[in-house]
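Student:
In my numbering, the protein residues as written are 4 to 328.
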């Protein structure tokens, strides 16, 4: 009789558990760092958003914690509802920062949609140029990325000087436009500066997608007699769409948090024509209202999470369609 060896699956399971244990040990420091740096501030902000702001006690002359306030901090922003000394709720009077909430939301969404659209179109055009095969291509790529490498504060000051009443823009247009004081032109100035700075970032991400397209596909299209327009819309655009959507996702989330560019270029006031919702958070914190500022920060977080969820779902559906094809 011959003896047969029975397989021992326990060893393979033990090896697998050891391997996963090593993986967990490697990623544990990163997860702990993320929990401390990102997780704790979010949880702390949500907790503070349900607490009342510190108020002065006229009897003791000391500031006291407001205690649990429920949704009052959220209603303060959404409904412009203020609480008086007796605890009665009423509409916030003019001059209270909460009255600037909805105008800031509209300005933020306007900036986001306009800048992302223009930067996507311009970034795609720049990426197509950088993807070409010609002499000096490396120099062109380096030159295009210079605006993106400049710090935002420097960019804001640069364009502030250019949009001054006696700046180069009015000199070139032979006009006297109040770029930094007129509401319409102030918003246009911020959009122009933001597109100038961030379009190279979009171009860089789109260029990475263009370089993943096989050259054989273009050669086959050329043999079939496709012109440049047909090649772009039927080959380049469909194949670069995933990279394009990733670029739009990153840029949209960044635009929703816009703060430094309009503050430095135009004004840091909450009632400025270019005030964004991030500006209101900083202004409310400067006034010592940390709890209501935490509520607004939570609203911004929910808005960004919702937009990211929609874009990621759309991006996932796009990947599924391409795999199915």
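Every residue gets a Cβ at the ideal spot worked out from N, C-alpha and C, and that includes glycine.
Can you give the Cα-Cα distance for residue 57 and residue 292, rounded to whole angstroms?
Tutor: Looking at the two C-alpha atoms, the distance is approximately 7 Å.
Student: Please go through the same chain and pick out, in chain order, the residues whose beta-carbon is closer than 7 Å to the beta-carbon of residue 86, but skip the five residues on each side of it.
Tutor: These residues qualify, in order along the chain: 75 and 92.
Student: Spell out the partners DSSP gives residue 84 in its beta bridges.
Tutor: 94
Student: Please look up how many angstroms separate the CB atoms of residue 83 and residue 107, rounded, as I've assumed it's under 8 Å.
Tutor: With 8 Å as the limit, residue 83 and residue 107 do not qualify as a contact, their Cβ atoms being about 12 Å apart.
Student: Using 8 Å as the Cβ pair cut-off and three pairs as the minimum, do the region 297 to 316 and the region 34 to 53 touch?
Tutor: yes
Student: Check for me: the alpha helix (DSSP H) holding residue 245 runs from which residue to which?
Tutor: 240 to 258
Student: Would residue 142 be called buried (16 or more neighbouring beta carbons within 10 Å of its own) or exposed?
Tutor: Exposed is the call here.
Student: Taking Cβ to Cβ, would you say residue 208 is nearer than 9 Å to residue 148?
Tutor: no
Student: Let me make sure I understand the geometry here. Which of 170, 46, 225 and 166 has the alpha-carbon closest to that of residue 196?
Tutor: 166
Student: Can you find the residues in the same chain that come closer than 8 Å, C-beta to C-beta, to residue 95, ignoring five residues on each side of it along the sequence?
Tutor: So the qualifying residues of the chain are 79, 83, 84, 85, 101 and 102.
Student: With a cut-off of 8 Å, do at least 3 Cβ pairs link the region 265 to 275 to the region 31 to 39?
Tutor: no
Student: Bridge partners of residue 71, per DSSP?
Tutor: 54
Student: Measuring CA to CA, which of 68, 131, 109 and 110 is closest to residue 234?
Tutor: 131
Student: Do residue 122 and residue 201 have their beta-carbon atoms positioned less than 9 Å apart in this structure?
Tutor: yes
Student: Run through DSSP, which three-state label would residue 42 get?
Tutor: helix
Student: For residue 1 versus residue 304, is the C-beta spacing smaller than 9 Å?
Tutor: No information on residue 1 is available, as it lies outside the stretch 4 to 328 that the chain covers here.
Student: Roughly how many whole angstroms lie between the Cα atoms of residue 229 and residue 247?
Tutor: Spanning the two alpha carbons is a distance of roughly 23 Å.
Student: Counting along the chain, where does the alpha helix (DSSP H) carrying residue 237 start and finish?
Tutor: Run containing residue 237: none; DSSP gives neither H nor E here.
Student: Going by the beta-carbon positions, is the gap between residue 259 and residue 155 smaller than 9 Å?
Tutor: no
Student: Do residue 204 and residue 98 come within 9 Å of each other at the CB atom, strictly closer than that value?
Tutor: no
Student: Less than 9 Å between the C-beta atoms of residue 310 and residue 256, yes or no?
Tutor: yes
Student: I'd like the span of the alpha helix (DSSP H) that includes residue 105, first residue to last.
Tutor: Unbroken alpha helix (DSSP H) run through residue 105: 104 to 133.
Student: For my contact list, residue 213 and residue 134 are in at a C-beta cut-off of 8 Å; report their separation, rounded to the angstrom.
Tutor: 4 Å
Student: Where does residue 37 fall in DSSP's three states?
Tutor: Residue 37 sits in a helix when the DSSP states are folded into three classes.
Student: When the Cα atoms are used, what is the spatial distance from residue 263 to residue 316?
Tutor: Inter-residue distance for residue 263 and residue 316 is about 30 Å (C-alpha atoms, whole angstroms).
Student: List in chain order: all unbroken alpha helix (DSSP H) runs of 4+ residues lying wholly within the region 156 to 197.
Tutor: 171 to 176
Student: Among 280, 221, 182 and 181, whose alpha-carbon lies nearest the alpha-carbon of residue 236?
Tutor: 221
Student: Classify residue 23 as buried or exposed, calling it buried when 16 or more other Cβ atoms lie within 10 Å of its own Cβ.
Tutor: exposed
Student: Taking only three categories from DSSP, how would you classify residue 272?
Tutor: In the structure shown, the three-state DSSP call for residue 272 is coil.
Student: Using the three-state DSSP reduction, which class does residue 285 fall into: helix, strand or coil?
Tutor: DSSP places residue 285 in helix when its eight states are reduced to three.
Student: May I ask you to report which of helix, strand or coil DSSP gives residue 227?
Tutor: Three-state result, residue 227: coil.
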